[in-house]
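In what follows, a structure is listed as structure tokens, so that the remarks can point back to it.
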Amino acid sequence: MQKPFATTLDPGSSLTNHTGTWRTERPVYVDRLPPCNNACAAGENIQGWLYDAEGGDYRRAWGTLVVENPMPAIMGRICYHPCESSCNRGQLDTAVNIHAVERFLGDEAIRQGWAFEAAPSNGEHVLIIGSGPSGLSAAYHLRRLGHRVTLCEAQPALGGMMRYAIPKYRLPRNILDAEIDRIVAMGVHIRLNTRIDDPVSEMKQSGCDAVYLAVGAQLAQRAYIPAGDAKRILDALSLLRAMEGDEPPRLGRRVLVYGGGNTALDAARTAKRLGATEAIVVYRRTREVMPAHDSEVREAEDEGVQFRWLSTIKKEEGTTFTVEKMKLDEKGFPQPTGELETIDADALVLALGQNVDLEFLKDIEGLGIEKGSVVVDSQMMTGSPGVFAGGDMVPSERSATTSIGHGKKAARHIDGWLRGKAWAPPARHPLASFDRLNTWYYSDAPKSVQPVLDEARRLSTFDEVSSGLDPSTALFEARRCLSCGNCFECDNCYGVCPDNAVIKLGAGSRFKFNYEYCKGCGLCAAECPCGAIEMIQEQA
Amino acid sequence: MPVTELKFYQTGTFTIGNRLLGEEDRAGQSAANRANSLNCGHRACQGCGEALGARYAIDAAIRASKGQLVVANATGCLEVFSTPYPESSWQIAWMHSLFGNAAAVATGIAAAMKVKGRNDVRVLAQGGDGGTTDIGFACLSGMFERNDDVLYVCYDNEGYMNTGVQRSSATPPAARTATTPAMGVEPGNRFGQGKSIPLIAMAHQIPFVATASVANLRDLEDKIERATLMRGARYVHVHVPCPLGWGSEPSDTIKVARLAVETGLFPLFEAEFGALSGHTAIRRRVPVEDYLRLQKRFAHLFRPVVDVARIAHIQAIADHNIERFDLLN
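Line order of the protein sequences matches chains A and B.
Position in the first sequence (from 1) plus 373 gives the number in my numbering.
Position in the second sequence (from 1) plus 16 gives the number in my numbering.
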């Protein structure tokens, strides 16, 4: 039978029509660097461990966290969290309370007794001098890389500035001890009360193949103040270190603290707790430019610490201190005005900065020193082969977090050096900036606040000022994370594609594009909440 | 009253899926084994809102009817891009009809199913705004009036798009189309009285009327699923941006649809037996400029000078909708 042509063709599927040929741009899945990770001086994968925590798997989250930083309970307390200052959520409502979740995970690990995996020793032997955050971090990472570690500490206990400079109300010592013990339990050989005068010969004598110098900066900087009775003047580091002894130092009822850094505030707050009715911070510039962190200043103000801005201390006569008023010149430097006043006080605490004790390095051949710091190359190695240095000894921001980052970085380079295969850091992803997010999709949720200790108790005791989050609040806080630049499998791309050109690979495996049919409209990229899809030009 | 624990899931239910939610709380479109009733290879433009809306709606109807669904399709973009002879993108029992008679064809299918005793089969008719508000309106009104057992879904892209973007009775005021050019004293479509098919459908007192948007998938799925299982005449009107006809970026299709809802220009509501029974509140209210500026069909409102009076007129329409449907609560 003769049929008209229009009815002779069998029905077919549109799958024969490969609409992918229309495309001028193609979507690709990318991982971008979240601003928190970018800001973290310890190089933590914050977005990564928050992702694990969002699902409520705290063990896994802690595991992800400690790949980079072995001391989350400590860091969650004392780090000034630049991650939060750069958090994209800060532009939406308030930044994710990252440090509080970190602290929660750290505390949970201590409660549950989670331990580090012991690494098989298949490497060399490394000597570490100094057990502050940098030395401990290096010890941890070197152990994970399979090296044997000997850690020397001049003081009777481990921890460096974390123990001898950070007050207990910011870092309780049971927390400090728990996290240090966990590192030591990995098989780190400890030598306390051991001051090393010649690191290189010590390295050779103890059969080590490399040494990491991490003694910090612990010489208090002095100022010339003509004084009748130097007994009334002490430096902040000695005061804070004495707090670890049996007998707390006596300061008197009215205490002046000279300086504008975090140590000055630690000293002033400590003085209040030791019974001073007045603690007055004297600083030569203004609050806006003082190096101390704003949160510290606010907490100090809450506790009644007073401030005298634009002032320098000229001389001391008995209990009378002469103060000169300053004014800022156009460059922002303080200039004397000649206006003098006097303040009566029982003690003056100097918190004017710290220097590196370079004396023990003088015999090391090739080790360079510049402006009071040790010179290191991009691999954290000094001019002397096998001698590495990090933390406050080298030019840096001088924070515990930076020191932990140095310890990790040095450990990886030491490993590379010892194994004869230089460690190359992985390429950094481009930044996941706020304008790449589609914030419509995130639930509105302001930050949860950590409870703060009553002022009355803060003034009389060394109890910790801020407490941790409870599990449900920690979970809430983790889930405020926007997961910037990293797919969290919300299915938006899969759902909004008008061409079914997104293939869902299943939980944990994300998605892939079916370029046979993707027309390159870009809806997936536009509707991806976290900016993990990029449109790139098709090549002709 | 039962106490429900308040939980927070990062993106809540705003995204299509959410790994922190149980399967039952995710949108149907997040399922790896979704029906994909409108499959790959169709010839809709890049970023087509109608292709997306049709898959959303028909997948939901298939889910609700457990696969027992017959669809009659009015001629229009949807048919032209999905089924150029002899290929089809539809993976369902699908029937071609003319531009104006999809409602009548569906009525016939429903009658045939009734004769065969197939109570389990649900019948759906679908078409664009041209086939619904203009050409097919008589058949549609008849279907409503007889209360035939059909769910009619209109995908409203506010014009005759595949024939070259001509004006329909759903084209909004001031919009430029091929037949309402941006020239003269009042460029673009004139400010008429408007023609709201959902409100006309309500006037027929049929069991269910709803509006939906491709920008709010869960709301759309919920309405289609409920409507599929009801008996009698039902009508769902889905707002689907058209990058070609509206002059918007293909990647902005959902954004444009979202702004139509958030400005109040496209109110999301539902009605049962002629009476309003619910609405979806605006989450972040925005002025109509935000919506208009993304579309070249409204470019003459902003260039060479900003047409303050007519933008205010459009804003007044949005404000009226917000008040009428109580969209802020």
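Beta carbons are placed, not taken as given, at the ideal position from N, Cα and C, and that holds for glycine.
Keep in mind the model is a prediction, meaning the values are calculated, not measured.
The alpha helix (DSSP H) runs lying completely inside the segment 667-755 of chain A and spanning 4 residues or more are 667-675, given in chain order. Separation of B/E305 and B/G210 (C-alpha to C-alpha, rounded to the nearest whole angstrom) is 20 Å.
Inclusion of A/G764 and A/S776 in the CB contact set at 9 Å is warranted, their separation being smaller than that value.
By the Cβ test, the segment 613-629 of chain A is not in contact with the segment 791-810 of chain A, since fewer than three Cβ pairs between them sit closer than 8 Å.
About 7 Å separates the Cβ atoms of A/A538 and A/T636, confirming a contact at the 8 Å cut-off.
For the set B/A77, B/A334, B/E174, B/T123, the Cα lying nearest the Cα of B/C93 is the one of B/E174. For A/M908, the secondary structure class from DSSP, reduced to helix, strand or coil, is strand.
Note on B/V201: under 16 other CB atoms within 10 angstroms of its CB, so exposed under the neighbour-count rule. A contact between stretches requires three or more CB pairs, one per stretch, nearer than 8 Å, and the segment 693-700 of chain A fails this requirement with the segment 555-572 of chain A.
For B/K132 and A/K885, the gap between their C-alpha atoms comes out near 45 Å. When only Cα atoms are considered, A/I556 and A/K688 end up about 47 Å apart. Look at the beta carbons and you see the segment 239-253 of chain B not touching the segment 296-315 of chain B: under three pairs across the two are nearer than 8 Å. In this model, A/R627 and A/R830 are separated by some 20 Å (Cα to Cα). Take the alpha-carbon of A/G841 and the one of A/G778: they are about 24 Å apart. Inter-segment contact for the segment 34-45 of chain B and the segment 435-452 of chain A is absent: fewer than three beta-carbon pairs are separated by less than 8 Å.
CA-to-CA, the gap between A/A379 and A/D817 works out to about 57 Å.
A/E911 and B/G261 have their alpha carbons spaced roughly 25 Å apart. Interface flag for A/R627 against chain B is unset, since no Cβ pair is found closer than 9 Å. Per DSSP, A/S840 is not a residue of any alpha helix (DSSP H), being assigned neither H nor E. Counting only the Cα atoms, B/R192 lies some 9 Å from B/M199.
What B/E103 touches in chain A, judged by beta-carbon distance under 8 Å, is P384, G385, S386, S387, T389, N390, going in chain order.
For A/Q485, no beta strand (DSSP E) segment is defined; the enclosing uninterrupted segment is the alpha helix (DSSP H) at 471-485.
Remark: C-beta atoms of A/L515 and A/R564 do not approach each other more closely than 9 Å.
Assignment of beta strand (DSSP E) within the segment 486-541 of chain A, counting only whole runs of 3 or more residues, yields 498-502, 521-525 in chain order. Exposure of A/R595 is indicated by the presence of fewer than 16 other C-beta atoms within 10 angstroms of its C-beta.
Contact annotation: in the segment 814-839 of chain A, residues whose CB is within less than 8 Å of a CB in chain B are Y814, Y815, S816, A818. For A/Y537, no CB of chain B lies under 9 Å from its own CB, so it is not counted at the interface with that chain.
DSSP, reduced to helix, strand and coil, places A/V655 within a strand of the structure shown. Your pair A/Y542 and A/E837 checks out as a contact, with CB atoms roughly 6 Å apart and the cut at 8 Å.
With its beta carbon at least 9 Å from every one in chain B, A/R476 lies outside the interface. Taken through DSSP and simplified to helix, strand or coil, B/N89 comes out as strand. Taking 7 Å as the upper bound on Cβ-Cβ separation, chain B lies near residues E427, G428 of the segment 411-441 of chain A. DSSP places B/G57 in the coil class of the three-state scheme, outside both helix and strand. Ranked by Cα distance from B/G263, the options B/F160, B/H295, B/Q62 are led by B/Q62. Counting only runs of 4+ residues, the alpha helix (DSSP H) found wholly inside the segment 806-879 of chain A occupies 828-833, 844-851, 865-869, in chain order. Taking A/D808 as reference, the option from A/D480, A/N461, A/D383 with the minimal CA-CA separation is A/N461.
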